[in-house]
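If you're matching them up, the sequences are chains A and B in order. First residue of the first sequence: 0, per numbering that gives the first Met the number 0; consecutive thereafter. First residue of the second sequence: 0, per numbering that gives the first Met the number 0; consecutive thereafter. Backbone N, C-alpha and C define an ideal beta-carbon position, used for all residues, glycine too. Here's the structure we're looking at; comments come further down.
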Amino acid sequence: MTKLTIEVMAPEASSAQVGPRRHVASHRVAPYGFLTPAIVLFIAFLALPIGYSIYLSLHAVKVSGLGLGKGARHEVWAGLANYARSLSDPEFLASVGRVGLYGLLVVPMMLGLALLFALMLDSRRTRARAFSRIAIFLPYAVPAVISSLLWGFLYLPAVSPFYYLFHRAAWDVPNLLSSQLVIFAVANIAVWGGTGFNMIVIYTALKAIPTELYEAAKLDGCSEVAIAWRIKVPIVVPSIIMTFVFSMIATLQVFAEPVTLRPLTNTISTTWTPLMKVYRDAFTRNDIYSAAATSVVIAVATFILSFGFLRLVQSRAFSQEKS
Amino acid sequence: MTAATLPAPARAVGATGTEVGPRRDPRRRWSPTSTLILLVGAAYCLLPVAWVLVASSKSAAELFSTFTFAPSTHLFDNIKTLSAYRGGLYWRWMANTALYAGVGGLASVVVSATAGYGLAKYQFAGRKAIFNVLLAGVLVPGVVLAIPQYLLLAHVGLTNTYWAVLLPSIISPYGIYLARIYAAASVPDDVIEAARTDGASELRIFRSVAVPMMSPGLVTVFLFQFVAIWNNFMLPYIMLGNDRLYPITVGLSGLLNQGASQPAMYTSVVTGALLSIIPLVALFLSLQRYWQVDLAAGAVKE
């Protein structure tokens with residue numbers, strides 16, 4: 000198909016441009032004109048950096064002599080040495096484990112709440128819907144840095160209203176910013192910030208369902224819960240899948256929340272998440288080569304997880320259709 | 000609203016289907032359970048916002064000593080202290096953020112609209128391939144990009160300038176994807192053909208015919224990109240060293256770091272956090288109808 004179009008296009012472009020032909024030629028060229036800015040920027044800020052990352056991850060710096068003066072340091076081919084080092088680094092593995100646990104906490108909690116709230120919003124029998132919708136969506140307007148900052152203060156025993164009440168009740172409650180619990184502290188910030196947006200996505204899908212679909216069930220005496228669970232949820236499954244994939248990608252890249260919380264606690268190390276380790280390697284240790292390798296590993300893992308999940312979901316959906 | 004949280008013993012939660020007489024309209028009956036669940040969710044989401052409103056009225060001494068939600072009277076003093084910090088650096092951060100998000104968002108809309116329109120309304124060689132490659136960009140994690148972007152911009156001497164944050168923010172695969180859907184759905188082919196017959200140039204057709212038809216969708220593209228740039232932390236954090244170029248996120252994060260050694264700074268941090276969320280919250284409340292997102296269909300419903 001591609002070849003065909005080019006063959007058709009070539010003689011027209013070269014022929015004498017008179018009358019209506021000129022128009023035909025101009026709207027053959029026009030789409031490329033419209034796409035040029037996007038393609039140039041895509042190459043400069045997406046394709047080229049990805050290529051450069053891969054190039055760096057396969058190289059290392061070799062220092063000759065004392066490493067002083069120009070030319071003493073030069074790039075050499077390193078093969079997969081950076082990858083081997085990155086994948087066997089205990090700090091990296093610990094950060095991966097942490098993010099895995101963090102994802103298991105955040106994604107189901109956030110999407111569960113988002114679905115629950117969306118179903119409540121969709122029910123005509125719920126009061127104060129407009130107020131609740133705005134209030135729950137509001138955190139989307141708060142940057143992760145600011146929300147971490149607000150929650151960070153609310154976690155401090157001296158500020159938190161909860162610790163005040165616990166203290167009054169003479170309960171001894173462990174500090175949420177202690178090393179065992181800090182992961183819950185970070186997870187709560189992500190759930191707070193992400194639930195509203197996902198709720199709106201699911202709610203938009205719910206609103207698109209024709210009411211006739213469940214009016215009949217209602218007349219048959221179906222309860223609201225049964226309608227929600229048996230009719231509404233199955234219809235919005237595609238939206239839930241997409242929110243799941245995007246939440247998973249965001250979870251793997253968690254960076255702003257722990258970096259902002261660091262000044263308030265000494266339990267978050269500089270390699271607390273994989274991305275923080277990449278940042279430290281690149282900018283504190285000036286080892287851009289292993290930082291590049293680690294970031295490629297994270298990217299590949301993200302791709303495998305998101306595509307793998309989509310494939311799994313698709314094949315299950317198809318097998319259900321067949322049966 | 001308070002009444003909504005009170006128990007309503009007379010009313011059953013489930014639909015009974017035995018409505019008779021004047022109570023036949025089931026829509027009038029409301030469910031306390033679902034209302035309560037939503038209000039609890041709303042309270043959870045408003046808690047930190049309510050706290051920052053109260054806390055920014057407290058003096059440095061009160062912040063850690065009085066009850067969390069006990070307001071005080073120092074809001075204007077706190078704003079004054081914050082504004083005086085290093086010659087109004089805070090307001091410069093706000094202006095920078097508005098510049099990054101506003102200019103970056105606008106440029107992104109222009110690039111997304113032209114590309115989306117080109118992909119939706121023309122048949123040309125490589126259309127499918129270009130679209131697929133652009134779309135794959137949606138899934139590229141920012142992490143693989145940030146460091147090489149920094150190194151590449153360093154090669155051309157652009158790091159630590161406004162360009163370092165603006166340029167990478169313009170390209171938005173998701174924005175192009177959305178714009179393509181809007182163009183396909185809202186600009187009829189025969190309108191374009193009619194304009195062509197009238198002798199309008201392709202660029203003119205796009206500007207005067209397509210853009211007005213696509214504009215509600217383009218507002219959504221702008222909002223998405225505006226919020227994404229406003230909330231971005233990692234890109235400016237990596238690109239910028241000069242704190243006069245910082246956006247608000249990087250600036251406040253740095254201020255919080257200083258608070259660790261000078262606790263008096265915390266009041267400024269809290270006040271700064273409050274002032275920084277006001278513009279975005281206002282933008283949200285005023286443009287609410289554009290926030291109806293259908294990720295699965297990729298469309299935004301009006």
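Counting only the Cα atoms, B:GLY40 lies some 40 Å from B:ALA119. A straight line joining the alpha-carbon of A:LEU47 with that of B:SER33 spans about 50 Å. With a contact defined as Cβ atoms closer than 8 Å, A:TYR202 and A:LEU120 qualify at about 5 Å. In the DSSP annotation of this structure, the continuous segment of the beta strand (DSSP E) that includes A:HIS58 starts and ends at 58-62. Shown here for A:LYS231: same chain residues with a beta carbon closer than 8 Å to its own, the five before and five after excluded, namely LEU118, ASP121, LEU205, ILE208, TYR213 in chain order. A:ILE248 is a Cβ neighbour of B:LEU138, given a cutoff of 8 Å. Residue-level contact by beta carbon holds for A:PHE33 and chain B, with a gap shorter than 8 Å. Annotation: Cβ neighbours of B:LEU166 in chain A (cutoff 9 Å, chain order): LEU40, ALA43, PHE44. Taking the CA atoms as reference points, A:VAL299 sits about 13 Å from B:LEU144. Taking 9 Å as the Cβ-Cβ cut-off, the segment 114-125 of chain A approaches chain B at LEU115, PHE116, LEU118, MET119, LEU120, SER122, ARG123, ARG124, THR125, given in chain order. Counting the other Cβ atoms within 10 Å of the Cβ of A:PRO107 gives fewer than 16, which makes it exposed.
Scanning chain B for C-beta atoms nearer than 8 Å to the C-beta of A:THR301 yields LEU138, PRO140, reported in chain order.
Non-local beta-carbon contacts of A:LEU263 in its own chain, meaning distances under 8 Å to residues more than five positions away in sequence, involve GLY151, PHE152, TYR154, LEU155, LEU176 in chain order. Using beta-carbon distances, A:ILE287 counts as an interface residue toward chain B, with a partner under 8 Å. Pairing B:LEU62 with B:TYR265 gives a Cβ-Cβ distance under 8 Å. For the pair B:VAL268 and A:LEU149, the CB atoms are not nearer than the 8 Å cut-off. The beta-carbon separation of A:PHE116 and A:ILE135, rounded to 6 Å, stays under the 8 Å limit for a contact. Chain-order list of chain A residues neighbouring B:TYR116: PHE33, by C-beta distance under 8 Å.
Restricted to the segment 32-117 of chain B, the alpha helix (DSSP H) segments that are unbroken, complete and at least 4 residues in length are 59-62, 74-83, listed in chain order. Contact of A:GLY195 with chain B is assigned, a C-beta pair being separated by under 8 Å. Under the three-state reduction of DSSP output, A:ARG72 falls in the strand class. Annotation: B:VAL137 is outside any alpha helix (DSSP H) and is labelled neither H nor E by DSSP.
A:ASP121 carries a helical assignment under DSSP once its states are collapsed to helix, strand and coil. Inter-segment contact for the segment 163-177 of chain B and the segment 41-59 of chain A is present: three or more beta-carbon pairs are separated by less than 8 Å. About 7 Å separates the Cβ atoms of A:ARG97 and A:TRP271, confirming a contact at the 8 Å cut-off. With respect to chain B, the C-beta atom of A:GLN313 has no partner C-beta closer than 8 Å. B:GLY253 is a Cβ neighbour of B:ASP242, given a cutoff of 8 Å.
For B:ILE170, the secondary structure class from DSSP, reduced to helix, strand or coil, is coil.
At least one CB atom of chain A sits nearer than 8 Å to the CB of B:GLU201.
By alpha-carbon distance to A:ALA127, the top candidate from B:PHE221, B:VAL249, B:ALA42 is B:ALA42. Interface annotation, A:VAL144: in contact with chain B, CB-CB separation under 8 Å. At a cut-off of 8 Å, the C-beta of A:ILE208 has no neighbouring C-beta in chain B. Residue burial annotation: B:GLY156 is exposed, with fewer than 16 other C-beta atoms found within 10 angstroms of its C-beta. Take the alpha-carbon of A:LEU55 and the one of A:GLN252: they are about 20 Å apart. The beta-carbon separation of B:GLY103 and B:LEU35, rounded to 41 Å, does not stay under the 8 Å limit for a contact. Proximity of A:PHE183 to chain B, defined by a Cβ-Cβ separation below 8 Å, is not satisfied.
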